[in-house]
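Step one of this worksheet: look at the structure below.
Number of protein chains: 2
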Amino acid sequence: MHDGAAATIGRYRPTGFPDRVRVIEVGPRDGFQAEAGWIPTARKTAIVNRLIGAGVPQLEVTSFVSPRAVPQLRDAAEVMAGADRSRGARLTALVPNARGAEAAAAARVDAMVVFVSASESHNLKNVNRSRADSLDGFETVCAIAREAGIPVHGAIATAFGCPFEADVATEAVVEIAGTFARLGMIGVTLGDTTGMATPPLVTDRCRALKAAVPDLEISLHFHNTRGVGLVNVYAGLTEGITTFESAVGGLGGCPFAPGATGNICTEDLVYLLDACGVETGIDLDALIGIARDVETLIGRTLPGQVMKAGPRLATSPLDAVATACG
Amino acid sequence: MHDGAAATIGRYRPTGFPDRVRVIEVGPRDGFQAEAGWIPTARKTAIVNRLIGAGVPQLEVTSFVSPRAVPQLRDAAEVMAGADRSRGARLTALVPNARGAEAAAAARVDAMVVFVSASESHNLKNVNRSRADSLDGFETVCAIAREAGIPVHGAIATAFGCPFEADVATEAVVEIAGTFARLGMIGVTLGDTTGMATPPLVTDRCRALKAAVPDLEISLHFHNTRGVGLVNVYAGLTEGITTFESAVGGLGGCPFAPGATGNICTEDLVYLLDACGVETGIDLDALIGIARDVETLIGRTLPGQVMKAGPRLATSPLDAVATACG
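Next comes the structure, spelled out in structure tokens:
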């Protein structure tokens, strides 16, 4: 990067932004689970390990869910076993119930992630039980995790809105986070399941949670369904949030809704953070290479933009085909 | 919108944001010009008039450029003649030279837009002359416009970076804007031709121009090439900028680079502004309908997200196929 641009970044770092952010890669779980075609275990492990090699500090590697519910992740234990532990990346897994918690503990995950929806109808639809029943079940999971010395994070789906109920009350989110804290969890992730988060809602949730559960680390998990995923990250950074989830290439789009993107894209997120002078420890060029290979692996175009355009200062030769179509 | 959400927007309107923004639709010019297949004049006029009907207050309708250079816009005069003047929308056109200025004046455009690149190599590549020669040419255009009583806006391409020269100095942008002001132009548009703008660079340019040319209205024109187009808008809003250019559906992607998006998408922009409590006067639902029809018209998938996902609070029936793939 030119000195001039670096100086500009230094001078105009947006107000409130943290110096450093932890990017949590969720593609191997939230992305791969949405892929209908079987991805061989060795391929999954290879992607996980290349992401670790690129400097990603934390990954949601898989989900210890019923193989019947999510056949794509039936190799959860094998993928965990193949993951590179040498670089100290934190390897987490989604855990839907006690059975999953035991499998995750056996696989020596660094943290378990449990999840419940902020809206009753979405929770019923998603896991076929009430929110109260989900929260009850977390007690058992937390007991198993405690026994194994493994911390637990709680994730709240539909935290910014529900596809069935529309707006979701801040209080519903705060109440669930309070239960997480009482159960001894160490963090709360706000999931924007169907892309309904907006900057004012991000500000609202972050401030409410900081006040109500100050001991829980807040992570934000946005989908780019309505094109404003990274704007929501920006709003979260303004509130001093330091943990964001994303998927390489923007994996996680619903294969049944072509063009509708899923998770915000890790390379685009890291590109934005780099551009704003926020450290991630992640090698953007390496990430772009992985995203391109993941695209080949799953055989469809991914929504990531930086993986197509390349880094910002990759200049073209002057005799190249005109680049300025627009 | 629920009262709760409206109250949240009111409470958490981001710092510095203006109450109202003027969205300038550039799809009929910057978008259509990138389409290889001929779009019949009546179709172009119909799209322009539906956009006006949706409440778009200003449109870059066409370009009075040589039909040899841009065959798609050879019907510039006819499209202007067919545009609906009854709603008071401001109709502008791009004007590359004196000949174009005379044609634009004859077509009674409400404003002419001239353009030059901030970087010498891009200007040479784009219009085959030096920046100095481009600026010299604007004197004639401005004289013709003055004679016709038509205001002139100046646009600066590669204002945030150049594909051939990488970073562009703030001073290059400021100097050109100074010439615009001396020539009597009323506004300056910063064009992010190949998607190199970042939030700190937006802050830098906006502050430098406000100091150097306080009488020029600043407009921002971002491309979403690296996924951060709307984040750049957000940074501009924070600086109090009130004029943004965008293209319906995200038109303007280079057809030779599949998947690489062009202009930021008008519906996604209006969705974000609505979500932040910034007035535009534009009907989002109408815009979504137009974007979907434009997609059909040009026969390829457009990058707009809201046109696929629908408005935020469009709830699904509970018996719908599970929407939460991710």
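Chains as they are written, first to last, in my numbering: chain A, 18 to 343; chain B, 18 to 343.
Ideal Cβ positions, reconstructed from N, Cα and C, are used throughout, including at glycine.
All values derive from a computational prediction rather than experimental measurement.
In the DSSP assignment, find the alpha helix (DSSP H) that holds glutamate 95(A) and state where it starts and stops. 93-99
Cut-off 6 angstroms between Cβ atoms - residues of its own chain near glycine 44(A), not counting five sequence neighbours on either side: Ala264, Val265, Leu268
To test your reading of the DSSP string, which unbroken beta strand (DSSP E) runs of 3 or more residues are found completely within the stretch 194-247 of chain A? 204-208, 234-238
Is glycine 316(A) close to chain B? Criterion is C-beta to C-beta, closer than 8 angstroms. no
Pick helix, strand or coil for alanine 274(B), following the three-state DSSP scheme. With a pLDDT of 46 at alanine 274(B), under the threshold of 50, the predicted position of this residue should be treated as unreliable, and no value is reported.
Have a look at the DSSP bridge pairing and note the partners of tyrosine 80(A). Here residue 80(A) is serine; the residue named in the question, tyrosine, does not match the sequence. Its beta-bridge partners are Leu111(A).
What residues in its chain sit with their C-beta under 6 angstroms from that of glutamate 137(B), if we drop five residues either side in the sequence? Arg148
Could you list the residues in the stretch 163-182 of chain A with a C-beta less than 9 angstroms from some C-beta on chain B, going in chain order? Ala174, Thr175, Gly178, Cys179, Pro180, Phe181, Glu182
What is the DSSP secondary structure of asparagine 143(A), counted as helix, strand or coil? helix
At the level of alpha carbons, what is the spacing between alanine 174(A) and threonine 157(A)? 20 angstroms
What residues from the stretch 31-57 of chain B come within 7 angstroms of chain A, judged by C-beta to C-beta, listed N to C? Pro31, Asp47, Ala51
According to a CB-to-CB cut-off of less than 7 angstroms, which residues of the stretch 230-251 of chain A neighbour chain B? His240, Asn241, Thr242, Arg243, Gly244, Val245, Leu247, Val248, Tyr251
Nearest-angstrom Cα separation, counted from isoleucine 167(B) out to valine 382(B): Chain B is shown only over 18 to 343; residue 382(B) falls outside these bounds and no answer can be derived.
Quick check: is the beta carbon of alanine 63(B) nearer than 8 angstroms to any beta carbon in chain A? no
Partners in chain B for isoleucine 26(A), counting only beta-carbon separations shorter than 7 angstroms: Pro217
Would you mind working out which of Gly201(A), Val185(A), Ala228(A) sits nearest glycine 208(A), comparing C-alpha positions? Val185(A)
Quick check on this structure: which residue in Ala189(A), Ala24(A), Leu68(A) has the alpha carbon closest to the alpha carbon of valine 311(A)? Leu68(A)
Below 8 angstroms on the Cβ atoms is my guess for alanine 229(A) versus alanine 194(A); work out the distance and round it to an integer in Å. 6 angstroms
Around the C-beta of threonine 32(A), are 16 or more other C-beta atoms found within 10 angstroms, so that it is buried, or is it exposed? exposed
Whose Cβ in chain A lies nearer than 7 angstroms to the Cβ of serine 333(B)? Pro180, Phe181
Collapsed DSSP secondary structure at glycine 27(B) in the structure displayed: helix
Short Cβ contact (8 angstroms threshold) for isoleucine 41(B) with leucine 76(B): yes
Buried/exposed call for glutamate 164(B), threshold 16 Cβ in 10 Å: exposed
Pick out whichever of Phe181(A), Arg309(A), Asp291(A) has its Cα sitting closest to the Cα of alanine 331(B). Phe181(A)
Compare the C-beta of arginine 329(B) with all C-beta atoms of chain A and state if any pair is closer than 8 angstroms. yes
Secondary structure at aspartate 89(B), three-state DSSP: helix, strand or coil? The amino acid at residue 89(B) is misidentified as aspartate; the sequence shows glutamine. In this structure, glutamine 89(B) counts as helix in the three-state DSSP scheme.
Classify serine 134(B): buried if its beta carbon has 16 or more other beta carbons within 10 angstroms, exposed otherwise. buried
Would valine 205(A) and phenylalanine 197(A) qualify as a contact pair, given that the criterion is a beta-carbon distance under 8 angstroms? yes
Residue ranges of each alpha helix (DSSP H) within the stretch 279-336 of chain A, 4 or longer: 283-292, 301-315, 323-326
Which same chain residues, not among the five before or five after glycine 70(B), have their C-beta less than 8 angstroms away from its C-beta? Asp101, Arg104, Ala303
Using a Cβ cut-off of 8 angstroms, pull out every chain B residue sitting near valine 323(A), in sequence order please. Arg243, Gly244
Taking C-beta pairs closer than 7 angstroms, name the residues in chain A that threonine 206(B) reaches, listed in chain order. Residues of chain A passing the Cβ test: none, with the nearest at roughly 13 angstroms.
Would you mind reading off the limits of the beta strand (DSSP E) that contains isoleucine 173(A)? 169-174
Tell me the residue span of the beta strand (DSSP E) that contains valine 131(A). 128-134
Going by beta carbon distance, what residues of the same chain come within less than 7 angstroms of threonine 297(B), once the five residues before and after it are set aside? Val38, Val40, Val287, Leu290
Please name the residue, chosen from Val245(A), Lys227(A), Leu233(A), that lies closest to methionine 213(A) on a Cα-to-Cα basis. Val245(A)
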